[in-house]
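**Student:** Structure below; questions to follow.
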Amino acid sequence: MKTLAIIGAGKGLGLSLAKRFGKEGFQVALVARNAERLQKMVDELTTVGIESSYFTADIYSKEEIETAITAIKEKYGKIDVLEVSPVPGNYPPTSVLELTIENARDSFEGYAASSINIVNAVLPDMLARKDGALLFTTGFSALHPMAMMGNIGVGIAGLRNYVANLHTELTDKGIYVGHRSLALFITEPGSGKVSDPDVIADMWYEAYTEKEVWEQEYPKGITAEALLSFHAENN
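Numbering (numbering that gives the first Met the number 0), first residue to last: 0 to 234.
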């Protein structure tokens, strides 16, 4: 049985990913800070017959991430697919005109530095097996600068650069690296719209199985100019 590990698992996209991959026979490891919320997710997955467990960790802590990854491998043997989609940050989205070293560093450490620690804890086993997938879900400013997201852009654009380099280095080593830059706010499941986390989870499972496109805006082809009208029509 394959194992999916979700870093930054929550009741939105994280739970939808767990259900989508779980439906295909994956067992699921959920990683986040809040044990109570994670347990509720495990309970919900259990009701639909999906094997899952939770592991607590603060992504700002290299030690806690390493401990969680070690515990996942001890329980499930290996991690076949890693999905990273945390929402870190001790500061709200901040305009570039209000950017400070403190709020920029916080974003960089929450998104880019934490992902480096996460990948370093998982990648050696994947390289040894010559098999695996690393999936990264970010926001729109990872690819398209947005002045109102000045601090967030520092973090996720830095993460995107790291992911692009991973893709370059790992393509011929049997490891799929995927990045999706979301131009939307994820809504409640059930609407069937592109902002529905179940729809996004379907997109990710298709990307993982096909392994043809490593990076894409989501929805596909959306531009920065179309973003405001898109939100008005779909949220």
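Just so you know, even glycine gets a beta-carbon here, dropped at the ideal spot from N, CA and C.
Fair warning: this is a prediction, and the values are worked out from it, not measured in the lab.
Counting along the chain, where does the beta strand (DSSP E) carrying R179 start and finish?
**Tutor:** Translated into the one-based positions of the sequence shown, residue 179 becomes position 180. Unbroken beta strand (DSSP E) run through R179: 174-181.
**Student:** How many whole angstroms separate the CB atoms of S113 and P87, which I take to be in contact at a CB cut-off of 8 Å?
**Tutor:** For the purposes of this step, residue 113 is identified with residue 114 of the sequence shown, where counting begins at 1. For the purposes of this step, residue 87 is identified with residue 88 of the sequence shown, where counting begins at 1. At roughly 7 Å, the Cβ-Cβ gap stays under 8 Å, so S113 and P87 are in contact.
**Student:** To the nearest angstrom, how far is the alpha carbon of V83 from that of G173?
**Tutor:** In the sequence shown, counting from the first residue as 1, residue 83 sits at position 84. In the sequence shown, counting from the first residue as 1, residue 173 sits at position 174. Using only the alpha carbons, I get a separation of about 19 Å.
**Student:** From what residue to what residue does the beta strand (DSSP E) around T46 run?
**Tutor:** Start at 1 with the first residue of the sequence shown, and residue 46 comes out as number 47. First-last for T46: 34-46, but that is the alpha helix (DSSP H), not the beta strand (DSSP E).
**Student:** With three or more C-beta pairs closer than 8 Å as the rule, is the stretch 119-135 touching the stretch 161-179?
**Tutor:** yes
**Student:** How many angstroms separate the CA atom of A103 from the CA atom of A146?
**Tutor:** To locate residue 103, count along the sequence shown from 1; it is residue 104. To locate residue 146, count along the sequence shown from 1; it is residue 147. Answer to the nearest angstrom: the Cα atoms are 13 Å apart.
**Student:** Is it true that the stretch 184-203 meets the stretch 7-22, where meeting means three or more beta-carbon pairs spaced less than 8 Å apart?
**Tutor:** yes
**Student:** In angstroms, rounded to a whole number, what distance separates the CA positions of I155 and T99?
**Tutor:** Sequence index remark: in the sequence shown, residue 155 carries index 156 (1-based). Sequence index remark: in the sequence shown, residue 99 carries index 100 (1-based). Their backbone Cα atoms lie some 16 Å apart in a straight line.
**Student:** Quick one: what's Y217 bridged to in DSSP?
**Tutor:** Along the sequence shown, read from residue 1 onward, the residue named residue 217 stands at position 218. In DSSP, Y217 forms a bridge with L181.
**Student:** Taking the C-alpha atoms as reference points, what is the distance between L96 and K22?
**Tutor:** Working through the sequence shown from its first residue, we reach residue 96 at position 97. Working through the sequence shown from its first residue, we reach residue 22 at position 23. Between L96 and K22, the C-alpha separation is close to 46 Å.
**Student:** Tell me the start and end of each unbroken beta strand (DSSP E) in the stretch 54-101 that is at least 3 residues and wholly inside, in chain order.
**Tutor:** 80-83
**Student:** Pull up the DSSP beta-bridge partners for A31, would you.
**Tutor:** Residue numbering aside, residue 31 sits at position 32 when the sequence shown is read from its first letter. Paired residue(s): T55.
**Student:** Alpha carbon to alpha carbon, how far is A8 from P85? Give it in angstroms, no decimals.
**Tutor:** The sequence position of residue 85 within the sequence shown is 86, counting from 1. The sequence position of residue 8 within the sequence shown is 9, counting from 1. When rounded, the distance between both Cα atoms is 7 Å.
**Student:** To the nearest angstrom, how far is the alpha carbon of G189 from that of K18?
**Tutor:** Stepping through the sequence shown from its first residue, residue 189 is reached at position 190. Stepping through the sequence shown from its first residue, residue 18 is reached at position 19. Near 13 Å, if we compare the C-alpha coordinates of K18 and G189.
**Student:** With a cut-off of 8 Å on the beta carbons, I'd call R179 and Y207 a contact; round off their distance for me.
**Tutor:** Translated into the one-based positions of the sequence shown, residue 179 becomes position 180. Translated into the one-based positions of the sequence shown, residue 207 becomes position 208. Contact flag wrong, Cβ pair sits at about 11 Å.
**Student:** Bridge partners of A134, per DSSP?
**Tutor:** Your numbering for residue 134 matches position 135 in the sequence shown. Residue identity differs from the one stated: residue 134 is Leu in this sequence, not Ala. Partner(s): E82, G177.
**Student:** Assign V159 to buried or exposed, taking buried as 16 or more other Cβ atoms, counted over all protein chains shown, within 10 Å of its Cβ.
**Tutor:** As a working mapping, residue 159 is identified with position 160 in the sequence shown. For the record, residue 159 in the displayed sequence is Arg; it is not Val. Classification of R159: buried, given that the 10 Å Cβ count is 16 or more.
**Student:** Excluding five sequence neighbours on each side, which residues of the same chain lie with their C-beta closer than 6 Å to the C-beta of L3?
**Tutor:** Locating residue 3 in the sequence shown gives position 4, counting from the first residue. These residues qualify, in order along the chain: F20, F25, V27, V80.
**Student:** Hey, R32 and D57: beta-carbon distance below 8 Å or not?
**Tutor:** Looking up residue 32 in the sequence shown gives position 33. Looking up residue 57 in the sequence shown gives position 58. Result yes, Cβ atoms of R32 and D57 sit closer than 8 Å.
**Student:** Applying the criterion that 16 or more other CB atoms from any shown protein chain within 10 Å of the CB defines a buried residue, is M40 buried or exposed?
**Tutor:** Your numbering for residue 40 matches position 41 in the sequence shown. By the 10 Å Cβ count, M40 comes out buried.
**Student:** Hey, could you find the ends of the beta strand (DSSP E) L3 is sitting in?
**Tutor:** Numbered from 1 along the sequence shown, position 4 holds the residue referred to as residue 3. First-last of the beta strand (DSSP E) with L3: 2-6.
**Student:** In angstroms, rounded to a whole number, what distance separates the CA positions of A141 and Y75?
**Tutor:** As a first step, residue 141 is located in the sequence shown; it is residue number 142 there, counting from the start. As a first step, residue 75 is located in the sequence shown; it is residue number 76 there, counting from the start. Whole-angstrom Cα-Cα distance: 32 Å.
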